[in-house]
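Engineer:
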Amino acid sequence: MKADLHCHSHFSDGSLSPTDLVALAHQAGITDLALTDHDTLDGLPEAQIAADELGITLITGIELSCTWEKQLIHVVGLNVDRHNEVLKAGVEQNKQRRYDRAEAMFEDFEQHDIFLRDTVTSLIRERGVPTRPHFAQALVDLGYAKDKKQAFKRYLVKGKPGYIPMLWPDVEQIGAWIGAAGGIGVLAHPNRYKLTRTKLSRLISDMLKAGIEGIEVSTSTTDKQQSAMLADLAKQFGLFASVGSDFHSKDQPWARLGGAASLSKELKPVWSGF
Ligand code: AMP
Ligand code: MN
Ligand code: MN
Ligand code: MN
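Each residue of the sequence shown is one higher than the one before, starting from 1021 at the first, in the numbering used here.
1) How is the beta strand (DSSP E) around H1094 delimited, first residue to last?
2) To the nearest angstrom, how far is it from the Cα of G1293 to the Cα of G1264?
3) Start and end of the beta strand (DSSP E) containing S1238?
4) Within 10 angstroms of the Cβ of T1051, are there 16 or more other Cβ atoms? Answer buried if so, exposed if not.
5) Does DSSP put A1280 in a helix, a strand or coil?
6) Apart from the five residues on each side of it in sequence, which residues of its chain come closer than 7 Å, Cβ to Cβ, to F1150?
7) In the DSSP assignment, what residue or residues form a beta bridge with H1079?
8) With hydrogens ignored, establish whether the beta-carbon of P1189 is closer than 6 Å to any heavy atom of ligand 1.
9) How many angstroms separate the CA atom of D1057 from the CA atom of Q1116?
10) Do you know how far the Cα of E1146 is from the Cα of F1031?
11) For P1153, which three-state DSSP category applies?
12) Just the C-alpha distance for D1190 and C1086, rounded to the nearest angstrom, thanks.
13) By a C-beta neighbour count over all protein chains shown, 10 Å radius and 16 as the cutoff for buried, is Q1157 buried or exposed?
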């Protein structure tokens, strides 16, 4: 078994269609794949058809935006029932927040004489939810930045044009949506929040109270030392451990599909709870 339980398609900020993503997973030898687009379930039906054709196990997933102690946190919901009404209503809320934020971002950029609406809209087409990486790509396409990294440095972040502060649902709400849909919640890329171990432990305690019982121990950007620390926390709190590359596109070689190391044997893998 080779699992990758965190990746994106063009239904959010990934570059591939779900069909192409599943084909790439098959090539990479992945047997169990979760598609986890930001705040949308819309790519899952197409991914399921492709997975059935290639004999891959598709785990229904989503990456939900969440605010914890004023900070943006991502929680991946795995093995969720995508038809569950509570989850669907929650996802609609987050989607609407994304549309509203995009509108506010267009207006903020326009204050700086930067007009992104047409480019962003054509990048997203009808299918996807607007994300900051779409804005970053538009800034590159229109010559405001040489690459997306630079776009995120000059724009889109706190204190820069195009930054709109967001209040996402809290951990309790996210936990309730995932729980109602019979899924398991997993803290995404814990190393990216730059939290001390003490603060990370507090986040985990709050997550557990909300029924979110998993943590990504192996990701594309966790080094050996971080993975060991996360494995330690998983054991300490009795959490399910997950593995996810956070793949977005082929031009990000630091996050290859299937590129996250497999979990060590003493951990409780999240799929044991599916
Ligand atoms: P959003 O959820 O729309 O606010 O966008 C968040 C996404 O933007 C993350 O999942 C990353 O993929 C990407 N992102 C955030 N910060 C940066 C950054 N500094 N450089 C490149 N990508 C970033
Ligand atoms: Mn992303
Ligand atoms: Mn994320
Ligand atoms: Mn992600």
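Where is the CB? At the ideal position from N, CA and C, for every residue including glycine.
Structural biologist: Here's the rundown:
1) Counting from one through the sequence shown, the residue named residue 1094 turns up at place 74. First-last of the beta strand (DSSP E) with H1094: 1091-1098.
2) Here residue 1293 refers to the residue found at position 273 when the sequence shown is read from its first residue. Here residue 1264 refers to the residue found at position 244 when the sequence shown is read from its first residue. One C-alpha to the other measures close to 16 Å.
3) As a first step, residue 1238 must be located in the sequence shown, where it is residue number 218. From DSSP, the beta strand (DSSP E) with S1238 extends over 1234-1239.
4) Position 31 of the sequence shown, counted from the start, is the residue given in the question as residue 1051. With fewer than 16 other Cβ atoms within 10 Å, it is exposed.
5) The residue labelled residue 1280 in the question sits at position 260 within the sequence shown. Here A1280 sits in coil by DSSP.
6) If you number the sequence shown from 1, residue 1150 lands on position 130. Correcting the residue identity first, residue 1150 is Pro in this sequence and not Phe. R1118, Y1119, A1122, V1140, I1144, listed in sequence order.
7) Taking the sequence shown and counting its residues from 1, one reaches residue 1079 at position 59. Contrary to the premise, residue 1079 reads as Ile rather than His in this sequence. Beta-bridge pairing links I1079 to A1054.
8) For the purposes of this step, residue 1189 is taken as the residue at position 169 of the sequence shown. Not so, every heavy atom of ligand 1 lies at least 6 Å from the Cβ.
9) Working through the sequence shown from its first residue, we reach residue 1057 at position 37. Working through the sequence shown from its first residue, we reach residue 1116 at position 96. Pairing D1057 with Q1116, the inter-Cα distance amounts to about 15 Å.
10) Your numbering for residue 1031 matches position 11 in the sequence shown. Your numbering for residue 1146 matches position 126 in the sequence shown. If you draw a straight line from the Cα of F1031 to the Cα of E1146, it is about 9 Å long.
11) Taking the sequence shown and counting its residues from 1, the one referred to as residue 1153 is at position 133. In the structure shown, P1153 sits in a helix (DSSP, three-state: H, G or I).
12) Your numbering for residue 1190 matches position 170 in the sequence shown. Your numbering for residue 1086 matches position 66 in the sequence shown. Looking at the two C-alpha atoms, the distance is approximately 6 Å.
13) Position 137 of the sequence shown, counted from the first residue, corresponds to residue 1157. Q1157 is buried by the Cβ-count criterion.
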